[in-house]
Each structure stands twice: as C-alpha cells, then as structure tokens.
Amino acid sequence: MVGEMAQGTWNAGSLAQAVVMLNLLALTDAAHKSDLSSETSGAVINHSSMLIHRLQELLQNGNSSDTTLRVHTTNSDEVKIIHAHQLLLSLHSDIFEGLLLNQSVLTLQEPADCAVLFEKFIRYFYCGEISVHLNQAVPLHRLASKYHVSALQRGVSEYMKTHLASESTQGHVVSWYHYALRMGDEGLQESCLKFLAWNLSTVISSSEWVTVSDDLMVSLLQRSDLVLQNEIELFSAVEEWISKNNPDVPIIEKVLRSIRYAMISPSQLFQIQKQSTVLATYHSSVQDLFFQAFQFHSASPLHFAKYFDVNCSMFVPRNYLSSSWGSQWIINNPARDDRSLSFQTQLGPSNHDSTKKITWNALFSPRWLPVSLRPVYSESVSGASQSNRLDEGKPRLVVTSAMSGLEFAGVTFQKTVLVGVRRQQGKVFVKHVYNVHQSTDEVSDFLVHADLQKRTSEYLIDNSLHLHIIIKPIYHSLIKAK
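As numbered in mature numbering (1 follows the signal peptide of the UniProt record, and there is no 0), residues -30 to -1, 1 to 452 make up the sequence shown, in order.
The structure is reproduced here in structure tokens:
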C-alpha cells in the first residue's frame, strides 16, 4: 500500500515536473532558433510572462498537483486546502523540501494573520511576485522566515524599511521594531530606531507611544539625535509613558535619569518639581541631577566646566526644533539657483546666556563644484561643455556665524541639518540627519540621491525642499580649578 502511494506520488510529481520542463524547453528552443540567425538580425524572444501565466494556472486549477497543503488556523476550526507542486515548493524552500521527502500531504499550523495570507504566499512560488500592504508585512515576513524563502524575506524587509513614514491608523513603526528585534533583523531594527528617533515628536503624539517597550524606551533616551521640540516635551512624554505602563522601579529610575535636565530652563525645572506626579514619588532618584542642572544654569559654561565634567550626555543638546535652537528653511524650486538665509539662536542652553544671541548665515547651492573641478572659461571650450560640467555639481549647504572669528574656550558649535520628506496628515517626516562643523562638504552623502530637478522627487514637497538647521553648542572640559 505504501509502495503504491509512493508510486502514485512519483507519477504525479513527474507529470508536474514534465509540465514545467516542457515550458522551459519551449523557451530554450525559441531562443536557440533565434541564435541561428545572423548577428545583424539577431533578436531575443522572451516568453517568460507566458511561462509565469501557465505556472499560475497550475496552482489555480490544481493541474497535475502532487502535494496537498492543509493549513489549520491556530485556535480555530478553519482549514484551508491548497493543491500545489512539490518541485516548485522545493525550489524556493529547503523547509518544504525536507517536509515533502516522504509525504505528499502536509498539515500546517499557522496563526490567523499568517493563515489568511498563506495562499498568497504560495502563489509567490509560482510567479515570483506578491503585493504587500502595511498590515500584511509582518505575517508575510514571518512566513518567509519560517519556510526559509530568503528572497521574499529580504523583499518584505526592504518594503518595511521604505514604508516607515506611510500613514496607518494605529501606527506601525514601534510594532515593526519589536518584531525586528524578535526576528534578529538588525537592518530593519536600525531603520525603525532611526525613524523613531528622528521623528520623535510625531511618535509621542500618536497612540504608538504607550506601546514602546522598556528596552526600546531606554535605548531611545540614550540617543542625542532625538528630534523633538525641546527636552520638556520629552519629560512630559516619559511621564505619560510611566503612568500608563507602570514599569518596574529600576526602569522608571533609569528613564528619569536619562532626561537631560540641564537642557530645561530653571523656571521649567521648578514647575515640573512642583507639578509632576511621577517626580513626587521618584524625586530622590534624580535629586542630584536637578541640583547639577541648577548649578549649570547659575554660572557661565566656561566657569562651570572648570569644576564639573561636561563631557557627558546631560550637557549634550538633542535636536530641538524650537526657534531658540535653529530655523526651518523651506526652499521653493531648489534646483533653480543659490539661496541664503539668516537666523538667530541662543548662545547656549545655560540660563546665564539666555539673553545672548548669535546670528547665522546659511547658503544653499544646488550644483556646487570645488574650484579644482570648475570649468575654465575660454574660447576653446564650448558653452555646452561648460554647462554640462556645471551640471555635475552636487547640493551643498554652508552655515557660518555673522560674527567673524566666533570662538569660545571650551565650546564648539555643531550644525545639524534635518531633511524632511513625505508630508503625512500635514506633517513632514525627517529622512536624513547630517552633523557638520560648517559645511556639508564634510559628509559625502548630502542629498546624494535627491534629484532636485524632478518635481516628483521624494525630497520635494510641493516642489519645495524642507530643511531644518539646528545649532548645537558642544561643551568641552577645561583644566580643573584647584
């Protein structure tokens, strides 16, 4: 009996393989006949779409099927029957290849979100194409991972990386990060983490914020590249997260100690000390940080650095969007010509410097060339050649102080440039963050993929380039006073 069943399986399997091979031979024969013609009249005859169509018909009609997949939905009586072909399953998946060595009927258990997509998943084996929506990305990636369909796994992962800013009702980036962490997909994990950090104000105001795990919260708060209005916004969001999630005491203390209190003004520090329900319980855990923040605000940073170590995260500004730290710059039709902008920022976050302002000048060039690469204008060089050489230039941004020789002992000014893309519900998402001392020449990839001459470029919103320039004073330790 077993031998008869095995023989039957072999015959069906052979028939399925024969169907596939006949199609392949037909294509090969057509190509061979084309090659027989002379070189001058050579051509390529491509019937691959016809082959894919016939393979899809095999699955749709169950023709010559030698394998049956019984897909059970976990915690449900629902069973989906799929008639497939061992050859195609084995070509794509070593897991299926192993499972089908001695049997032609497979009983599979899948959670509901995977079970509903299983036929779509199997169809990919026949045509190499699959449509993906936001709510399908995780279950499809899970199926591709489980059955070792590496090409699909990579494809879905890339889809997720490029759709972090896509609109969804409940938000999806936090859940994708947690999923990537469980699956060990470091590339997707890092992409999600960057997106959350660079768009934190948007995340804070969404329903996703309270779903952030303890580890993710700790990881985010360690970063200096968080983009948000100011540090008080972050404190308020952390307080909400603590109140709604009630994490363990060590986690509460760790996240509270990750707030950079020196970046909060003295008046706001007094206010949160008085009004915060979380600090009413855990003030002793951060009392030393509050005391140090008040000391920082009471003296000049130069004087403070003589007595305290300023080479720690507490005194490093994050990427604050408030006007005292920088300026938004919307450049309409940016490929047209050079543009300039002047704006003012505070000298530093210390209350001692609260009334001191610095004026900054920014110059954006859409096609800048170093002097060594610029064309030499002469009669021997045609105008067209000179124009083509200019088109080889790349976007460049330079930010300098209006005060000549702006230098202070123990402090340097870092310029952070945010590049926004894709307006969603009236919001602009940050795609890139560049940190420079003065010019984007210091980084090799500034707007390297942005075709500013195309109105359809993802870097343009209503034909405008959205930048935000942030000036961050970075303090350095001086010789300690004795």
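Note that the Cβ used here is the ideal one computed from N, Cα and C, for glycine as well.
Buried or exposed: where does residue i fall if 16 or more other Cβ atoms within 10 Å of its Cβ makes it buried?
i    : result
Q265 : exposed
S293 : exposed
N169 : buried
R112 : buried
L61  : exposed
M20  : exposed
P81  : exposed
L360 : Interpretation of L360 is limited by its pLDDT of 49, a score under 50 that renders its predicted location unreliable; the figure taken from the coordinates is listed afterwards. Exposed, because fewer than 16 other Cβ atoms sit within 10 Å of the Cβ of L360.
Q56  : buried
K326 : exposed
E160 : exposed
Y277 : exposed
F66  : buried
D36  : buried
E27  : exposed
G12  : exposed
V49  : exposed
A372 : exposed
H402 : buried
N331 : exposed
V400 : buried
R40  : exposed
G68  : exposed
F334 : buried
Q192 : exposed
N16  : exposed
N289 : buried
E209 : buried
R306 : exposed
Which of helix, strand or coil does DSSP assign to residue i?
i     : result
A420  : coil
V197  : strand
N321  : helix
V208  : helix
P287  : coil
S145  : helix
W295  : coil
F165  : helix
Y278  : Residue identity differs from the one stated: residue 278 is Phe in this sequence, not Tyr. If DSSP states are grouped into helix, strand and coil, F278 belongs with coil.
S447  : coil
T181  : helix
A232  : helix
A(-1) : Confidence in A(-1) is poor, its pLDDT being 49 and thus under 50, which makes the residue's placement unreliable; the coordinate value appears in the next sentence. In this structure, A(-1) counts as helix in the three-state DSSP scheme.
T172  : helix
E203  : helix
G157  : helix
R227  : coil
S8    : In this predicted model, S8 has a pLDDT of only 49, less than 50, meaning its place in the structure is not dependable; the value taken from the coordinates is given anyway. The answer is coil: DSSP assigns S8 none of H, G, I, E or B.
P217  : coil
I222  : helix
R425  : coil
I65   : helix
R306  : coil
A135  : coil
A150  : helix
L71   : coil
Who pairs with residue i in a beta bridge, going by DSSP?
i    : result
I301 : L435
S312 : N331
Q192 : None; Q192 has no bridge partner.
Q384 : K442
Y404 : V387
S371 : W330
W338 : K364
L430 : L435
S409 : V368
For chain D, is any of its Cβ atoms less than 9 Å away from the one on residue i?
i    : result
S427 : Going by chain labels, chain D is absent from the structure shown, which holds only one protein chain.
Tell me the start and end of each unbroken beta strand (DSSP E) in the region 18 to 63 that is at least 3 residues and wholly inside, in chain order.
37 to 43 and 49 to 54
Completely contained alpha helix (DSSP H) runs for the region 235 to 271, where each covers 4 or more residues:
236 to 245 and 247 to 268
Segments of 3+ residues assigned as beta strand (DSSP E) that fall wholly inside the region 74 to 133:
You should have 75 to 80.
Measuring CB atoms only, is the region 320 to 329 touching the region 265 to 274, in the sense that at least three cross pairs come out at less than 8 Å?
yes
Counting Cβ pairs closer than 8 Å, one from the region 437 to 449 and one from the region 284 to 292, do we hit at least three?
yes
Kindly confirm or deny that the region 430 to 441 and the region 380 to 390 touch, where touching means at least three C-beta pairs closer than 8 Å.
yes
Three or more C-beta pairs under 8 Å: does that hold for the region 242 to 249 against the region 410 to 425?
no
Sufficient close CB pairs (3 or more, under 8 Å) joining the region 89 to 108 to the region 71 to 81:
Per the Cβ contact rule, the region 89 to 108 is not in contact with the region 71 to 81 (fewer than 3 Cβ pairs under 8 Å).
Are the region 220 to 228 and the region 179 to 188 touching, with three or more C-beta to C-beta distances below 8 Å?
yes
Closer than 8 Å is the cut-off here; do at least three beta carbon pairs connect the region 147 to 161 with the region 188 to 207?
The region 147 to 161 vs the region 188 to 207: no contact.
Flag this pair as touching only if the region 403 to 412 and the region 142 to 152 have three or more C-beta atom pairs under 8 Å; answer yes or no.
no
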